[in-house]
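Structure record follows, encoded as structure tokens.
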Amino acid sequence: MAIHAESLTKRFGNFTAVDNISFSVEKGEIFGFLGANGAGKTTAMRMLCGLSRPTSGKAVVAGIDIVKDPERIKKRIGYMSQRFSLYDDLTVSENMTLFAGIYGMREKDIAAKRTAVLTRLGLYDERDMLVGSLPLGWKQKLAFSVSIFHEPAVVFLDEPTGGVDPVTRRQFWRQIYEASERGITVFVTTHYMDEAEYCHRVSIMVDGHIAAMDTPSELKASLGAGTMDDVFYMLARNAERIG
Amino acid sequence: MRQLKAFVKKEFLHVFRDTRTMLILFGMPVAQIILFGFAISTEVRNIDLAVVVPQSSEVTRRLTEKFDASEYFTVRKILRSTDGIERYFRDGSISMAVAFTPGFADEMLSPEGAGIQLITDGSNTNTARTAAGYATAVIKDALSEGTAAEAAGIQTDVRMLFNPQMRSSYNFVPGVMGLIIILICAMMTSIAIVREKETGTMEVLLVSPMRPQIIILSKMMPYMALSIVNYLTILLLSVTLLDIPLSGNFWSLTLLSLIYIVVSLALGLMISTRTRTQLAAMLGSGMVLMIPVVFLSGLLFPVESMPGFFRVLSGAVPARWYIEGVKKLMIEGLPAGMVAKEFAILSGMAVFLLAVSIKNFKLRLQ
Chain A
10 MAIHAESLTK
20 RFGNFTAVDN
30 ISFSVEKGEI
40 FGFLGANGAG
50 KTTAMRMLCG
60 LSRPTSGKAV
70 VAGIDIVKDP
80 ERIKKRIGYM
90 SQRFSLYDDL
100 TVSENMTLFA
110 GIYGMREKDI
120 AAKRTAVLTR
130 LGLYDERDML
140 VGSLPLGWKQ
150 KLAFSVSIFH
160 EPAVVFLDEP
170 TGGVDPVTRR
180 QFWRQIYEAS
190 ERGITVFVTT
200 HYMDEAEYCH
210 RVSIMVDGHI
220 AAMDTPSELK
230 ASLGAGTMDD
240 VFYMLARNAE
250 RIG
Chain B
565 MRQLKAFVKK
575 EFLHVFRDTR
585 TMLILFGMPV
595 AQIILFGFAI
605 STEVRNIDLA
615 VVVPQSSEVT
625 RRLTEKFDAS
635 EYFTVRKILR
645 STDGIERYFR
655 DGSISMAVAF
665 TPGFADEMLS
675 PEGAGIQLIT
685 DGSNTNTART
695 AAGYATAVIK
705 DALSEGTAAE
715 AAGIQTDVRM
725 LFNPQMRSSY
735 NFVPGVMGLI
745 IILICAMMTS
755 IAIVREKETG
765 TMEVLLVSPM
775 RPQIIILSKM
785 MPYMALSIVN
795 YLTILLLSVT
805 LLDIPLSGNF
815 WSLTLLSLIY
825 IVVSLALGLM
835 ISTRTRTQLA
845 AMLGSGMVLM
855 IPVVFLSGLL
865 FPVESMPGFF
875 RVLSGAVPAR
885 WYIEGVKKLM
895 IEGLPAGMVA
905 KEFAILSGMA
915 VFLLAVSIKN
925 FKLRLQ
């Protein structure tokens, strides 16, 4: 079990952002975490990353209790945010070296792995280019590779494909599948319902609760919907909190 | 350690890659010092002068020639009396007048001494004061070539107007140091931290195993290094270019500057915890730091002549204590023991500000 959450709750004053959610994610699974803006998915993800302490409930990520040991979780996870998360004024290989260093990897391990990863990405010739000068799609691919460079148990992707064209998005998902096949658990939030179809399993959050959780095909079948888009609409249209 | 090394390297790369900022950071102190040194010599050059000689004598002739020969003055008019002299000031034909008393030559040899009146255009205080300073120097210089009796006879009067332009430059250098250090440490540090919030990289860092204290520490390093380089540059320039002697102990001055640098870094950190955008950080440090430094630190207006309220307020401005300490150590050449108060106040501020701002730096992004 890569992630196990039980009655996880987060309140800010009177406002319950995440209300008593429970779920489990298997090792190597691609778990889609869906919800309208303001449904509470970012807050839930923050708690799982050890950035925010839950008000009540508990969760274990990569075998580590998020309440008791939030600092240790950070070593076992990778993170890529919706906003671009590399440094534009550093080169491709400097960015990689920096984050590997932050995760405590040894210099000689970094160098060997860097070459391998860059070659696989087809970015080896661009290794000394500033990241700021790369096209957005390449940056995205690079950011993902950097987030799993230290071989985390779980990688959290917070709307990773925002603003990217469909072709690049598809390539990006190929990378996600590769990571999952290597045993890395992928926890991904997204706004794109076609992407939801790529996930092994999705949960849909509405007003801080998990309104539905299953494989995309089961969800469509049980609600009699043709696409994930319809599923999402049917569940989320009655939401009280729309961000 | 591996983390720290990787991260500090990144911070230096950020600063070095940003050539425009680098240029400003290194150019600014040099430009300020050079401008200042240069401004002094240009501002008072070619002052249009009227000499008022009620009764011509050997001495007044010699002095008039000296004035005309000086690069600072051009004698435009020789007048008999000061009556209606304002007219010439008004129409711009002169900006200064030197008036001898009627019996100047005789009075010089009398026990009371002789008087020379310097009339300047007070609408521009700085130029007027500087011009008066130079006129005094010319007079003194000319008379010292004469007999000892002449020099002795006049000296008391001359000393009253002792070199004001030198004093302003003595005031300026410590002020520039105080300003530049706070600018680089506080403003640049706060912008650098807020920039990571703005681009979203701070989030990635907080999810990483980097401890927030280490992030902060590494962010401060390049600006600390820059400030030390700038401090040394200003010191070198003011000693070589402006001929301001380093009368006190170099190491005491450096220690004081290091403490002040830490205070400034902590201030920058504090601003960064309160602001979200780079623009806000810049405005914040502008309002919170620059204005008090310029107006309340004694850089422009002496603290002693401030109204009570502002004098109390200036006590909270770190730059005031730093500038005062630098003056004592550098210009007056006092031993470090005499600066104990400044050391104590700045150290206290450093500890307090660092503690508050590290506590404020949000470990968990709520």
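Line order of the protein sequences matches chains A and B.
Taken in order, the first sequence gives residues 10 to 252; the numbers are from my numbering.
Taken in order, the second sequence gives residues 565 to 930; the numbers are from my numbering.
For each residue, glycine too, the CB sits at the ideal point set by N, CA and C.
query                                                                                                                                                      : result
Interface residues of the region 758 to 773 of chain B facing chain A [CB-CB below 8 angstroms]                                                            : Thr763, Gly764, Thr765, Glu767, Val768, Leu769, Leu770, Val771, Ser772, Pro773
Glycine 717 of chain B (DSSP reduced to helix, strand or coil)                                                                                             : Per-residue confidence for glycine 717 of chain B stands at a pLDDT of 49, beneath the threshold of 50, marking its modelled position as unreliable; the derived number appears in the next sentence. Note: glycine 717 of chain B maps to helix in three-state DSSP.
Chain A residues whose Cβ lies nearer than 9 angstroms to that of arginine 581 of chain B                                                                  : Asp98, Leu99, Leu139
Where glutamine 960 of chain B meets chain A, residues with beta-carbon distance less than 9 angstroms                                                     : With chain B represented from 565 up to 930, any question about residue 960 of chain B goes unanswered, as that position is not in the structure.
Same chain, Cβ closer than 6 angstroms to methionine 913 of chain B, neighbours up to 5 away in sequence not counted                                       : Val827, Pro882
3-residue-minimum beta strand (DSSP E) runs that sit fully inside the region 754 to 794 of chain B, ordered along the chain                                : none
Chain A within 8 angstroms of arginine 566 of chain B, Cβ atoms only                                                                                       : yes
Under 8 angstroms from the C-beta of leucine 577 of chain B: neighbouring residues of chain A                                                              : Asp98, Leu99, Glu103
Min CB distance phenylalanine 571 of chain B to chain A below 8 angstroms                                                                                  : yes
Expected contact under 8 angstroms - CB spacing of serine 821 of chain B and tyrosine 787 of chain B to nearest Å                                          : Not really, about 14 angstroms apart at Cβ, beyond 8 angstroms.
The region 829 to 840 of chain B / the region 754 to 761 of chain B touching (three or more Cβ pairs under 8 angstroms)                                    : yes
Contacts around arginine 566 of chain B, its chain only, beta-carbon distance under 7 angstroms, and the 5 residues preceding and following it disregarded : none
Extent of the continuous beta strand (DSSP E) to which glutamate 15 of chain A belongs                                                                     : 12 to 21
Proximal chain C residues relative to serine 94 of chain A, where beta-carbon distance stays under 9 angstroms                                             : Included in the structure are the protein chains A and B, with no chain C among them.
Residue from B:Ser634, B:Thr765, B:Tyr636, B:Leu613 whose Cα sits closest to the Cα of threonine 950 of chain B                                            : A question about residue 950 of chain B goes unanswered here, because the residues of chain B that appear run from 565 up to 930.
With 16 other Cβ atoms within 10 Å as the buried cut-off, status of tryptophan 522 of chain B                                                              : Nothing about residue 522 of chain B can be read from this structure; chain B reaches only from 565 to 930.
Buried versus exposed call for lysine 117 of chain A [16 or more other C-beta atoms within 10 Å across all chains shown]                                   : exposed
C-beta neighbour in chain A for lysine 923 of chain B, strict 8 angstroms                                                                                  : no
Contact list for lysine 574 of chain B against chain A, beta-carbon separation under 8 angstroms                                                           : Tyr96, Leu99, Glu103, Leu107
According to DSSP, residues forming a beta bridge with lysine 641 of chain B                                                                               : B:Ala614
Top-ranked residue by Cα proximity to glutamate 35 of chain A, from A:Thr18, A:Ala11, A:Glu15                                                              : A:Ala11
Where isoleucine 642 of chain B falls, given that 16 or more other Cβ within 10 Å makes a residue buried                                                   : exposed
Beta-carbon neighbours of glutamate 80 of chain A, restricted to chain B and to distances below 9 angstroms                                                : Pro773, Arg775
Partner residues on chain B for isoleucine 73 of chain A, Cβ-Cβ distance less than 8 angstroms                                                             : Neighbours of isoleucine 73 of chain A on chain B: none; closest Cβ ~12 angstroms, over 8 angstroms.
Enclosing beta strand (DSSP E) for isoleucine 86 of chain A [first to last residue]                                                                        : 86 to 89
Residues that valine 215 of chain A bridges to, as DSSP identifies them                                                                                    : A:His218
Lysine 630 of chain B in three-state terms, based on DSSP                                                                                                  : helix
Residue(s) in a DSSP beta bridge with valine 256 of chain A                                                                                                : Any property of residue 256 of chain A remains undetermined from this structure, which presents chain A solely from 10 to 252.
Under 8 angstroms between C-beta atoms of valine 140 of chain A and leucine 151 of chain A                                                                 : yes
For phenylalanine 165 of chain A, three-class secondary structure by DSSP                                                                                  : strand
Bounding residues of the alpha helix (DSSP H) (the contiguous stretch that carries methionine 243 of chain A)                                              : 237 to 245
Whole-angstrom C-beta distance between glycine 742 of chain B and isoleucine 887 of chain B, which should lie under 8 angstroms                            : 5 angstroms
Where isoleucine 658 of chain B falls: helix, strand or coil (DSSP)                                                                                        : coil
CA-to-CA distance, tyrosine 88 of chain A to alanine 245 of chain A, given in whole angstroms                                                              : 27 angstroms
Alpha-carbon to alpha-carbon, phenylalanine 158 of chain A and alanine 919 of chain B                                                                      : 35 angstroms
Under 7 angstroms from the C-beta of serine 90 of chain A: neighbouring residues of chain B                                                                : Gly764, Glu767, Val768
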